[in-house]
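Chains as they are written, first to last, in the working numbering: chain A, 226 to 559; chain B, 226 to 559; chain C, 226 to 559; chain D, 226 to 559.
Cβ coordinates follow ideal geometry from the N, Cα and C atoms, glycine included.
Predicted model, so just to flag it, every value in this text is computed and none were measured.
Structure first, commentary second.
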């Protein structure tokens with residue numbers, strides 16, 4: 226039985242509690258928040274659990290084996306470091322940390338202590354992303370050309386992080402999961418309309434050595450909600466519209482066949498256009514699968530797909546994106 | 226009566242002929258193409274017009290007052306220059322020229338000779354763009370935040386120009402028309418999958434001094450056709466989906482109201498979400514209006530909205546985009 | 226304080242409990258179900274309420290002022306009759322009763338005892354239907370031509386009622402609410418594919434004396450879910466797509482203007498096609514408003530819009546529809 | 226070489242001319258219309274053809290082998306009869322005739338004279354309907370449950386026929402083609418809002434002995450255009466949305482499996498929900514294929530799928546629909 230303590234009973238924390246609670250082999254024993262209202266809600270909804278207002282008390286508690294850190298990103302490092310030092314496995318909200326250095330330090334510490342880090346890249350556990358992963362692994366799409374994602378809506382402005390750190394971790398973690406190759410460099414642009422520091426619209430291009438190109442359009446100021454990803458491959462192309470209820474993924478038997486490349490003016494291109502296929506996508510709650518997987522990784526001492534390294538890879542791109550924007554779109558090698 | 230000669234009876238030329246033919250005050254007197262099949266088609270469909278295989282002959286002809294140049298972009302400059310030297314007004318396919326220098330030379334020449342240049346930025350004459358222009362001019366949207374355009378499909382690969390020069394002129398000419406402010410700088414990224422020189426996917430960000438940001442996503446490798454532009458303003462936001470038949474433009478009474486900006490942590494943001502309005506959009510063929518307007522500008526000696534300067538402004542961004550991509554996304558000041 | 230007992234803690238009952246519980250002036254004091262699993266769930270989720278397995282005990286209880294009957298339709302009459310005899314107001318799931326006679330008897334009984342009947346026509350309390358009602362009342366649509374509703378999906382086959390009694394009460398109650406005129410006659414068709422008695426697909430046409438025509442397409446065997454209602458009026462027409470999240474109702478400034486009717490061959494018809502308007506629709510949970518309204522009607526002794534008479538009017542059409550189908554589509558005067 | 230004369234150069238006639246003109250083995254030699262404007266247009270666009278104002282002259286002409294009758298339905302019978310008597314094959318606009326008796330007389334006459342009748346059920350030659358036919362023939366859908374079609378828009382009111390005779394022939398001819406079984410009976414309802422005689426909204430239910438049910442919703446007063454057909458089968462179900470450009474047909478691996486039917490209360494129903502498949506649909510112009518097929522049937526003396534009998538079957542349902550409406554929805558056995 227893995228005993229779990231949770232810090233941060235705000236918007237997402239209650240979902241984490243509920244899913245760990247129902248995961249086999251796990252038990253949530255205590256909940257911590259520094260906010261009084263959150264504590265009252267925790268008390269009311271979880272009368273049998275220990276409710277704690279001091280994070281240090283929770284982290285030091287010998288009763289817990291693992292700590293779920295569901296707090297703002299700027300607090301992750303300190304909380305995670307203490308937890309690891311106290312011998313606790315950690316489940317950390319995304320993005321993993323505020324800087325690359327922090328992420329590296331936590332990974333090193335966890336390695337030394339033989340503890341697990343799981344970064345809550347929830348999307349990896351959705352039916353849609355698992356299906357996309359499967360289509361790419363099984364080479365249904367063939368060699369990839371591009372990954373183009375749009376995540377825009379009239380968003381809740383965050384006060385401590387810009388739109389990149391708020392929205393892009395979803396798509397960057399998905400890209401990191403489905404494209405095995407390491408990104409080579411990034412270029413980002415964006416602007417802040419309401420404060421001098423926090424961009425509310427941004428665009429990130431990620432270059433790969435193999436010529437895959439990835440692009441992320443993120444925007445807190447869109448009147449409509451869009452959640453769309455296009456992935457183009459040599460053999461097939463797919464459109465993932467996450468707002469569709471029943472038909473999230475469409476696989477298009479469409480593409481170009483380049484017959485002969487002897488220079489620019491001799492490109493012979495022909496076009497394929499065949500059937501479209503909409504695979505059924507599993508509807509199981511992603512966080513439920515992820516919670517079970519965390520317990521499983523601890524009990525069987527295996528490394529999660531969304532470990533500290535995965536978290537670090539996402540933070541690297543986030544950090545580079547900020548740097549690129551502040552330097553007028555300068556390319557940043559990764 | 227303005228007598229018109231046309232060079233280039235390929236895909237678009239026949240439409241230009243048809244619309245000039247039916248424009249009041251205009252008469253298409255001769256059609257020229259160096260391709261035999263094109264000449265035969267011209268002969269068959271326009272038995273009463275003079276069909277010419279030598280462009281120089283057409284350009285020198287004293288019978289014509291104006292020349293419509295509907296040929297590949299790399300030929301525009303030489304043809305246009307000769308036409309202007311021969312005292313002909315010119316109607317030139319977009320993009321105007323292959324370089325900024327060429328555009329500037331043509332503008333200067335036309336000015337000297339008091340001749341009209343019209344660049345075929347057809348989209349400016351669509352009901353949708355005229356409605357958007359009106360909404361912005363009438364301050365319905367308020368101060369603009371951004372202009373975000375996506376134009377992707379399984380495109381016809383061009384052999385002499387990349388995806389930027391092929392697709393972006395549409396959206397750049399629209400941006401140029403509806404946003405009065407001069408762009409300050411651009412950052413572009415993109416990649417070529419099939420040849421070492423011609424990008425098939427690209428992303429352009431255009432910065433303005435006022436903090437408006439514009440973005441263009443153009444792609445020849447998309448399995449689905451998307452033609453969407455989001456324009457966000459302080460008072461209203463709009464979505465233009467050009468693939469919709471009846472409901473091309475939706476105006477959203479949505480946005481954020483920022484109450485007080487005293488630093489990052491004191492941003493008080495509230496959200497508005499009201500009705501949506503889908504204005505009726507005029508369905509008249511854009512090229513018909515444009516052809517009539519060209520004649521009108523010649524007869525009344527007025528300067529077209531899509532004059533050489535407009536063409537030059539688009540070419541400047543195209544040229545800068547290529548430069549930025551070749552320099553790994555370096556910012557190019559305009 | 227209105228004290229409420231509920232019978233039927235199946236799929237919908239828990240929502241009724243939750244909403245009455247949070248309605249001001251109301252208190253749910255006891256929950257009854259004859260099913261053990263349901264009782265256990267009730268016990269677990271509502272540990273402070275009295276959990277009862279015998280309906281008669283609940284109905285006789287002097288502790289309750291009103292009874293919510295959320296059970297299969299064939300049980301409504303007996304339960305409701307006992308409740309009224311015991312001096313309880315009743316909130317009854319739709320359809321109100323299995324027969325017109327039953328509905329009439331209950332209405333009479335309630336009138337005698339001065340008790341309220343509310344039939345759970347939940348849709349009347351949705352933002353969409355309230356907006357439609359407002360548009361019709363304010364004469365925005367003008368005189369109505371038709372009401373055409375489609376409610377199809379891969380439905381849960383019911384074992385005691387056909388698709389008409391399962392799905393049509395929603396749309397019939399909405400029609401009854403927004404069209405003030407009394408229906409004159411109905412014609413229904415349909416078929417049963419899996420049992421000899423229970424239609425799984427049906428079509429109902431309702432005639433009005435004023436020439437309004439209403440139509441209902443209901444189907445348990447559709448691969449896709451459709452929830453669409455078209456309402457055509459002299460001045461405007463509307464489309465209600467209940468599956469849209471943000472744009473449920475579109476009001477079209479479209480229609481025909483008939484200039485002169487001097488016989489079939491002299492009909493001069495012109496067409497109007499103007500803007501479209503998507504009014505913002507209130508998102509408050511319908512059942513919450515309905516529960517508050519029930520309490521309000523009891524405390525202020527007012528007659529609900531969804532009283533026994535409204536329930537009766539719907540049951541009349543349901544009964545007539547079954548009769549029409551069994552008689553090969555014979556018209557049934559109402 | 227089959228020499229063709231055409232009567233009726235209105236909206237559809239020019240398309241018929243163009244397609245017969247380009248069909249191998251066919252030649253359009255003369256065009257007839259009683260309207261002067263139509264004749265002028267014919268003259269202008271087809272300067273080499275004989276342009277005739279008197280139908281009788283065309284019909285009697287020894288120069289033509291076949292007559293295309295593209296006139297209002299009330300004129301079909303007289304023109305067709307004369308043509309057959311003069312030994313001409315006929316291609317007749319849908320609906321075939323105004324009455325069943327007329328259709329029968331023409332069929333008999335053609336049989337006697339060994340002449341071909343083809344009724345212009347154009348939709349049978351679209352890629353979408355050919356694909357649907359194939360899916361049903363190949364038993365991909367399994368035994369059919371229903372055919373449910375909606376064809377509504379802000380329609381051009383016809384002055385001589387009601388909405389049923391205007392719009393339903395499309396869908397009835399499709400149903401007739403893809404469902405081999407003979408319809409058993411029909412029930413129709415509808416109403417006329419602007420004249421006492423011509424319904425502008427109507428609903429038709431067609432019963433089959435095998436328990437297939439078909440339904441047609443046709444409406445000249447809809448603010449939106451809808452062209453949708455649902456076809457439910459035991460094994461698969463399909464949705465045909467003819468307004469979609471690229472994804473007209475979706476085949477759903479969805480349905481119900483009824484395990485055991487021992488009476489109403491013992492129905493065990495389970496639900497299947499699998500992938501969706503969007504087959505590529507051929508985009509060849511339907512009328513082109515149909516014109517070539519007409520020539521082919523004449524030259525090879527084969528019977529068209531859309532012969533007089535097919536036309537008659539559609540007219541039977543149209544006639545029965547009118548009768549049913551006039552008799553308040555009485556069932557009409559076919």
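Strand pairing of residue i, partner residues [DSSP]
{"i": "residue 314 of chain C", "result": "C:291"}
{"i": "residue 440 of chain C", "result": "C:373, C:430"}
{"i": "residue 480 of chain C", "result": "C:497"}
{"i": "residue 452 of chain D", "result": "D:376"}
{"i": "residue 503 of chain D", "result": "A:501"}
{"i": "residue 257 of chain A", "result": "A:232, A:277"}
{"i": "residue 446 of chain D", "result": "D:379"}
{"i": "residue 252 of chain A", "result": "A:228"}
{"i": "residue 474 of chain B", "result": "B:465"}
{"i": "residue 458 of chain B", "result": "B:369"}
Within 8 Å, strictly: CB atoms of residue i and residue j
{"i": "residue 468 of chain B", "j": "residue 452 of chain B", "result": "yes"}
{"i": "residue 412 of chain A", "j": "residue 556 of chain A", "result": "yes"}
{"i": "residue 547 of chain A", "j": "residue 409 of chain A", "result": "no"}
{"i": "residue 511 of chain C", "j": "residue 350 of chain C", "result": "yes"}
{"i": "residue 426 of chain C", "j": "residue 415 of chain C", "result": "yes"}
{"i": "residue 322 of chain B", "j": "residue 331 of chain B", "result": "yes"}
{"i": "residue 395 of chain C", "j": "residue 348 of chain C", "result": "yes"}
{"i": "residue 278 of chain D", "j": "residue 292 of chain D", "result": "no"}
{"i": "residue 295 of chain D", "j": "residue 229 of chain D", "result": "no"}
{"i": "residue 442 of chain B", "j": "residue 377 of chain B", "result": "yes"}
{"i": "residue 276 of chain D", "j": "residue 369 of chain D", "result": "no"}
{"i": "residue 358 of chain C", "j": "residue 474 of chain C", "result": "no"}
{"i": "residue 435 of chain C", "j": "residue 406 of chain C", "result": "yes"}
{"i": "residue 365 of chain A", "j": "residue 445 of chain A", "result": "no"}
Chain-ordered chain A contacts of residue i [CB-CB under 7 Å]
{"i": "residue 504 of chain D", "result": "500"}
Residue i - containing alpha helix (DSSP H), residue span
{"i": "residue 466 of chain B", "result": "Here residue 466 of chain B belongs to no alpha helix (DSSP H); instead the beta strand (DSSP E) covers 462-466."}
{"i": "residue 388 of chain B", "result": "388-403"}
{"i": "residue 245 of chain A", "result": "238-247"}
{"i": "residue 534 of chain D", "result": "533-551"}
Under 8 Å by beta carbon: chain D residues contacting residue i
{"i": "residue 359 of chain A", "result": "Going along chain D, no residue has its Cβ under 8 Å from residue 359 of chain A, so there is no contact; the nearest lies around 13 Å."}
{"i": "residue 556 of chain C", "result": "553, 554, 555"}
Proximal residues of chain B, C-beta to C-beta of residue i below 7 Å
{"i": "residue 469 of chain C", "result": "None at all; the shortest Cβ gap to chain B is about 11 Å."}
{"i": "residue 472 of chain C", "result": "501"}
Amino acids of chain C, ordered along the chain, whose beta-carbon sits closer than 7 Å to that of residue i
{"i": "residue 280 of chain D", "result": "Neighbours of residue 280 of chain D on chain C: none; closest Cβ ~21 Å, over 7 Å."}
{"i": "residue 418 of chain D", "result": "370, 436"}
Extent of the continuous beta strand (DSSP E) to which residue i belongs
{"i": "residue 343 of chain B", "result": "342-345"}
{"i": "residue 528 of chain C", "result": "No beta strand (DSSP E) holds residue 528 of chain C; DSSP gives it neither H nor E."}
{"i": "residue 416 of chain B", "result": "408-416"}
Min CB distance residue i to chain F below 8 Å
{"i": "residue 457 of chain D", "result": "Chain labels in this structure do not include chain F; the protein chains are A, B, C and D."}
Chain A residues whose Cβ lies nearer than 9 Å to that of residue i
{"i": "residue 442 of chain B", "result": "373, 375, 428, 440, 442"}
Partner residues on chain C for residue i, Cβ-Cβ distance less than 8 Å
{"i": "residue 479 of chain D", "result": "379, 448"}
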